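Undergrad: All letters in the sequence shown, in the order written, are residues 1281 to 1647 by my numbering.
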Amino acid sequence: MLDLFKESKGDHLLPVREEELSDQAVIAELHQLKKELGDRVCVLGHHYQSNEIIQFADIRGDSLALAKHAAEAEAEYIVFCGVHFMAETADMLTGPEQSVILPDLNAGCSMADMAQSEGILKCWQQTAEASSDTVVPITYINCSAELKAFVGDHGGAICTSSNARKVIEWAFEQGQKLLFFPDQHLGRNTCFEMGVGLDEMVVYDPNQYQGGLTTEELKKAKVILWYGYCSVHQGFTAEQIDNVKQEKPNTTVIVHPECSFEVVQAADLAGSTSYILEQIEAAASGSSFAVGTEINLVNRLAEQFPDKDIFSLSPYQCLCTTMYRVRPRWLLASFRSMVQNKPINVIKVPDSTTESSLKALERMLAI
Ligand code: 13P
Ligand code: SF4
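(1) Pick helix, strand or coil for S1637, following the three-state DSSP scheme.
(2) Report yes if the CB atom of N1331 is closer than 8 Å to the CB atom of R1580, and no otherwise.
(3) Would you decide whether G1325 is buried or exposed? Buried here means 16 or more other CB atoms lie within 10 Å of its CB.
(4) Throw me the rounded Cβ distance for the Y1420 and L1466 pair, which I believe falls under 8 Å.
(5) Run the proximity test for V1363: is its beta-carbon closer than 7 Å to any non-hydrogen atom belonging to the ligand SF4?
(6) May I have the straight-line CA-CA distance separating L1549 from K1528, to the nearest angstrom?
(7) With I1438 as the anchor, note down where its alpha helix (DSSP H) starts and where it stops.
(8) Where does V1476 fall in DSSP's three states?
(9) Taking the alpha helix (DSSP H) that D1589 falls in, what are its first and last residues?
(10) Considering only the alpha carbon of each residue, which of V1483, Y1509, N1443 lies closest to K1499?
(11) Can you check which of these residues, I1438, E1409, D1433, is closest to N1422 by C-alpha distance?
(12) Relative to the C-alpha of V1503, which residue among E1519, Q1464, I1624 is closest?
(13) Does DSSP classify L1284 as helix, strand or coil?
(14) So, does the stretch 1515-1529 touch the stretch 1478-1498, judging by three or more C-beta pairs under 8 Å?
(15) Less than 7 Å separating the Cβ of H1513 from some heavy atom of the ligand SF4?
(16) When you compare only the Cα positions, how much space is there between A1563 and V1626?
(17) On the three-pair Cβ rule with 8 Å, is the stretch 1623-1639 touching the stretch 1360-1372?
(18) Compare the Cα-Cα distances from Q1620 to each of Y1357, I1418, Q1545 and report the closest residue.
(19) In terms of alpha-carbon separation, which member of A1582, F1585, D1589 lies closest to S1568?
(20) What does the Cβ neighbour count give for K1315, buried or exposed, with the cut at 16 atoms within 10 Å?
(21) Please determine, among F1591, C1471, P1486, the residue with the shortest C-alpha to C-alpha distance to P1537.
(22) If distances are taken between C-alpha atoms only, which option among V1359, F1615, L1638 comes closest to L1310?
(23) Less than 7 Å between the CB of C1423 and some heavy atom of the ligand SF4, yes or no?
(24) Please state whether the Cβ-Cβ distance between V1544 and V1535 is less than 8 Å.
(25) Could you compute how far the alpha carbon of D1319 sits from the alpha carbon of A1353?
(26) On the CB-based measure, 16 or more other CB atoms within 10 Å of its CB, does D1283 come out buried or exposed?
(27) Give a yes or no on whether the C-beta atoms belonging to Q1456 and D1413 are separated by under 8 Å.
(28) Let me make sure I understand the geometry here. Which of C1510, L1385, L1577 has the alpha-carbon closest to that of G1341?
(29) Look at D1433 and S1636 and say whether their C-beta atoms are less than 8 Å apart.
(30) Quick one: what does DSSP say R1643 is sitting in, helix, strand or coil?
(31) So the candidates are R1445, Q1405, A1392; which of them puts its Cα closest to the Cα of K1428?
(32) Keeping to the same chain, check which residues put their C-beta closer than 6 Å to that of Y1328; ignore five residues upstream and five downstream.
(33) Can you list every residue whose CB sits closer than 5 Å to some heavy atom of the ligand 13P, going in chain order?
(34) Name the residue from A1370, M1394, A1582 whose alpha carbon lies nearest to the alpha carbon of P1486.
(35) Could you tell me which whole beta strand (DSSP E) segments of length 3 or greater appear in the stretch 1551-1578?
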């Protein structure tokens, strides 16, 4: 876990529960305080947030859209209803007079936690020693501020699920080898789509001696994928796609690129959360979609487009439990603290980390 995460814990107030407010009372007070705060607050909500939270979002979107909105927002308080790395990114993109608030500091991302500094440095050194190729590090935005800073300091860039291909194309203009953090699936799926063979990619597993790779394997590889994954998207399988195709042959299977290679290959379409939304929105009335992504988004799509048959690809609950930690009571505690001008759960990335990370973020925004 990040140091700054631990440090911020001192400010972490209990959720609003001392008065045993009913759920309705919490929602009513949230509406009232949101009105009272007016332009002082901008609430950003990721597509995976529950409806109870999304109703308070001024902007909802995927990771890229929310990062861009954070950069443009003028409000004094940016409340990020998402996970920790998103709030960190927003803090880096906002001014020093603005505060970014994460309603629950425990809303992390298990994938982001899979890439820690010590392993990253070892992997970098080992790769550099294995060959004289120029290695370009690229990280998916779902990672710690420290990893973003490392990538920024080593000539690399950040990507999201909606611009991964463009960023990787850019990386191959800068060097011969790509080191992709932390989601092996997004890296593999995107590189394969660009024509890189599976035999040109290796997986570096920080839990194994020397990443589980020989010097020869590292030397030969064009793409080195970090062994990270999203536990929510790993829940989707190619077998589920076969079942859907047998039961409902006219159904379009649409998945997020954090799903495994087999799933993305078997699906009809793959793309970011916004891409999924746009495809479903544009489809004709009566069409059917099996969706391989987080359940809150799937349920919302089904409600939003009742003329279409929209359901989860998986029969199991694919809930991002850390996203779900942002609950109305926590949001209310944040709103109350802002009204009192004593904001809690403020995410503050150290200046030196921000400076290095911004190099990688700005490269992404320029690509
Ligand atoms: P996007 O919204 O960018 O597609 O990302 C999905 C995700 O897993 C965020 O954590
Ligand atoms: Fe992280 Fe997966 Fe949750 Fe996205 S869905 S925040 S990648 S754990």
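For glycine and all other residues, C-beta sits at the position ideal for the given N, C-alpha and C.
Just so you know, these numbers come straight off a predicted model, no measurement behind them.
TA: Based on what the coordinates show:
(1) helix
(2) yes
(3) Buried: at least 16 other Cβ atoms inside 10 Å.
(4) Contact flag correct, Cβ pair sits at about 6 Å.
(5) yes
(6) 16 Å
(7) Judged by DSSP secondary structure, I1438 falls outside any alpha helix (DSSP H) and instead within the beta strand (DSSP E) spanning 1437-1439.
(8) coil
(9) Premise fails: D1589 lies in the beta strand (DSSP E), 1589-1592, not in any alpha helix (DSSP H).
(10) It is V1483 whose Cα lies nearest to the Cα of K1499.
(11) I1438
(12) Q1464
(13) Residue confidence for L1284 is low, a pLDDT of 37 falling below 50, so the modelled location carries little weight; the figure read from the coordinates is stated next. Helix at L1284.
(14) no
(15) Because some heavy atom of the ligand SF4 lies under 7 Å away, the Cβ of H1513 counts as near it: yes.
(16) The C-alpha of V1626 is placed about 41 Å away from the C-alpha of A1563.
(17) yes
(18) Y1357
(19) Taking each of A1582, F1585, D1589 in turn and checking the Cα distance to S1568, the smallest one comes out for D1589.
(20) Flag for K1315 reads exposed.
(21) Checking every option, the nearest Cα to that of P1537 belongs to C1471.
(22) F1615
(23) no
(24) yes
(25) Their backbone Cα atoms lie some 10 Å apart in a straight line.
(26) Interpretation of D1283 is limited by its pLDDT of 38, a score under 50 that renders its predicted location unreliable; the figure taken from the coordinates is listed afterwards. It counts as exposed.
(27) yes
(28) L1577
(29) yes
(30) helix
(31) By alpha-carbon distance to K1428, the top candidate from R1445, Q1405, A1392 is A1392.
(32) Excluding sequence neighbours, Y1328 sits near E1574, N1576, L1577, C1600, M1603.
(33) D1342, S1343, T1440, S1441, S1552, T1553
(34) M1394
(35) Counting only runs that start and end inside the stretch 1551-1578, the beta strand (DSSP E) elements of at least 3 residues fall at 1568-1572.
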